[in-house]
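In my numbering, the protein residues as written are 338 to 888.
The structure is reproduced here in structure tokens:
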């Protein structure tokens, strides 16, 4: 399998794509205006204790207070007390409101949720992870060789400093003691600096920053099985070459600078893959497809057979569709960075051996995922429930923001719903003011709909409410908005009489286009050309009398 890392760098953002045999499997984006918080160590202050949630809320200098679970709490003094490995202390002993606590961001803020914090600080190096004040030792699960695992465990026992825990990272596989020992020396020196800064840092100050996304990816993924690294920025190419010369000099010639005229991602077909990665429907080899939906509570994936029908036997066909879908689902989870609870609706299979085979295939596929996953067996309804570690927002939320019209639901009120809402608004307006004249501004398509035909909708509204109503097309308005202006009051009165689901939308339309009322708008609006509508002259004559009699 050919593995490539492709890096596109621009002043606004840096994008890293990981390709396996030419297919996009992982994608990372780092924006210049948004700091990457994961892994940062900050001096925080406890602002609230929530015993019922077994957690505390901490001001760490972020927009929202961070969430610190009690099991992740400890006293900073344990860093100087070798042998103290238990950190989960009762709230009354561990924390008090107003107390300064050093915390590390272990999960970035997502949506309205604040960052997940921990007092179990760890520092990641090239080959090791240092955990101050702990006694833990471990080797990455991705190192499969029994001999190599034994060698690394023996090495840890020899080099581990007292009062510190160590975990060997995957990239340490096959590397000699000297390189791993040098990495430990750098980590200990850096931790000494961090500890000194924590004693003097004010609330919210970052005392340790994780490297940028590009550096983070290169540190974690530069391994001997990497075939090529391509970037389109000369400065970054020079930096990567120097890094490779220091860490893996034998792989330095695999770092290449792209100088083509066509954009780098376009030349490799990555841009198209990115566009497809955020689509709701994903086609799978053989003609079947997935429907991927995300909600605040969970992500759902529906497997559909589509045009996939290679065998007449329904059970065998279902198995083949599910196996193909499972492979694509594993790729989509990594690519979209979906996390939290995930429910997959596979095609129903009756034979237990087929259900077990699908389960084994899914678990084997997820072993390639760097995020932690946990999969439950298929339910009797054919649903597979799983969880995937979530440390940052999903890709679709990184590349997009919610629509200001639908709020991210993908749905807006229908034309019939909007007209019904307008009808209710007019009723409220008339009941509250007893006025008989009204100017309504709407989008051009809705204007045409209201005034089309003899006995049109505008005519019906006027007779229904016994009011003289004129409408005017306003290109600044969306089809889901309308503005109502009172000629008598000489101002916009939309927000005053809006209720229910449309109130916020109508208020927004008023704010966007201003409350000012121009008297000439009444004369320019639709009115005179409707004189031939049945009964309208009589209605106008009667309304003119009523208007004159208004107090």
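The beta carbon of each residue, even a glycine, is placed where N, CA and C say it ideally should be.
Alpha-carbon to alpha-carbon, residue j and residue i
{"i": "residue 465", "j": "residue 438", "result": "25 Å"}
{"i": "residue 415", "j": "residue 547", "result": "Annotation note: pLDDT 49 at residue 415 (below 50); position unreliable, no value reported."}
{"i": "residue 715", "j": "residue 496", "result": "45 Å"}
{"i": "residue 823", "j": "residue 767", "result": "11 Å"}
{"i": "residue 423", "j": "residue 436", "result": "Bear in mind that a pLDDT of 41 at residue 423, under 50, signals an unreliable position, so the number given afterwards is only what the model happens to contain. Distance between the alpha carbons of residue 423 and residue 436 is about 20 Å."}
{"i": "residue 376", "j": "residue 785", "result": "56 Å"}
{"i": "residue 387", "j": "residue 397", "result": "17 Å"}
{"i": "residue 541", "j": "residue 360", "result": "41 Å"}
{"i": "residue 685", "j": "residue 711", "result": "22 Å"}
{"i": "residue 552", "j": "residue 720", "result": "39 Å"}
{"i": "residue 409", "j": "residue 374", "result": "18 Å"}
{"i": "residue 751", "j": "residue 740", "result": "16 Å"}
{"i": "residue 774", "j": "residue 814", "result": "22 Å"}
{"i": "residue 461", "j": "residue 529", "result": "14 Å"}
{"i": "residue 356", "j": "residue 657", "result": "25 Å"}
{"i": "residue 754", "j": "residue 350", "result": "41 Å"}
{"i": "residue 661", "j": "residue 367", "result": "32 Å"}
{"i": "residue 788", "j": "residue 794", "result": "7 Å"}
{"i": "residue 779", "j": "residue 348", "result": "41 Å"}
{"i": "residue 827", "j": "residue 772", "result": "12 Å"}
{"i": "residue 833", "j": "residue 748", "result": "25 Å"}
Assigned secondary structure, residue i (DSSP; H/G/I helix, E/B strand, else coil)
{"i": "residue 754", "result": "helix"}
{"i": "residue 580", "result": "helix"}
{"i": "residue 724", "result": "strand"}
{"i": "residue 471", "result": "coil"}
{"i": "residue 384", "result": "strand"}
{"i": "residue 864", "result": "Confidence at residue 864 is low in this model, with a pLDDT of 49, below 50, so the placement of that residue is unreliable and no value is reported for it."}
{"i": "residue 407", "result": "helix"}
{"i": "residue 650", "result": "coil"}
{"i": "residue 586", "result": "helix"}
{"i": "residue 599", "result": "coil"}
{"i": "residue 477", "result": "coil"}
{"i": "residue 707", "result": "coil"}
{"i": "residue 350", "result": "strand"}
{"i": "residue 552", "result": "helix"}
{"i": "residue 450", "result": "strand"}
{"i": "residue 782", "result": "helix"}
{"i": "residue 363", "result": "strand"}
{"i": "residue 441", "result": "strand"}
{"i": "residue 805", "result": "strand"}
{"i": "residue 378", "result": "strand"}
{"i": "residue 560", "result": "coil"}
Cβ separation of residue i and residue j, assumed to be a contact under 8 Å, to the nearest whole Å
{"i": "residue 544", "j": "residue 380", "result": "7 Å"}
{"i": "residue 522", "j": "residue 468", "result": "About 16 Å separates the two Cβ atoms, so there is no contact after all."}
{"i": "residue 441", "j": "residue 454", "result": "7 Å"}
{"i": "residue 393", "j": "residue 383", "result": "5 Å"}
{"i": "residue 518", "j": "residue 452", "result": "Not a contact, Cβ separation roughly 34 Å."}
{"i": "residue 463", "j": "residue 533", "result": "Actually they do not touch by this definition, with Cβ atoms about 23 Å apart."}
{"i": "residue 732", "j": "residue 674", "result": "5 Å"}
{"i": "residue 568", "j": "residue 577", "result": "7 Å"}
{"i": "residue 362", "j": "residue 671", "result": "6 Å"}
Those residues which DSSP pairs with residue i across a bridge
{"i": "residue 793", "result": "DSSP lists no partner for residue 793."}
{"i": "residue 788", "result": "Residue 788 is not bridged to any residue."}
{"i": "residue 504", "result": "466, 475"}
{"i": "residue 907", "result": "Residue 907 is absent from the structure shown; the chain starts at 338 and stops at 888."}
{"i": "residue 619", "result": "627"}
{"i": "residue 345", "result": "352"}
Closer than 9 Å to chain D by CB, residue i
{"i": "residue 652", "result": "Going by chain labels, chain D is absent from the structure shown, which holds only one protein chain."}
_Three or more C-beta pairs under 8 Å: does that hold for the stretch 442-451 against the stretch 465-484?_
no
*Do the stretch 637-644 and the stretch 675-683 touch if we need at least three Cβ pairs shorter than 8 Å?*
yes
*How about the stretch 650-666 and the stretch 622-630: do they share at least three Cβ pairs that are nearer than 8 Å?*
yes
*For the 8 Å Cβ check, are there 3 or more pairs between the stretch 611-620 and the stretch 583-595?*
no
*Counting Cβ pairs, one atom from each stretch, are 3 or more of them under 8 Å apart for the stretch 807-814 and the stretch 750-765?*
no
*Answer yes if the stretch 478-489 comes into contact with the stretch 506-520, meaning at least three C-beta pairs across the two stretches below 8 Å, and no otherwise.*
yes
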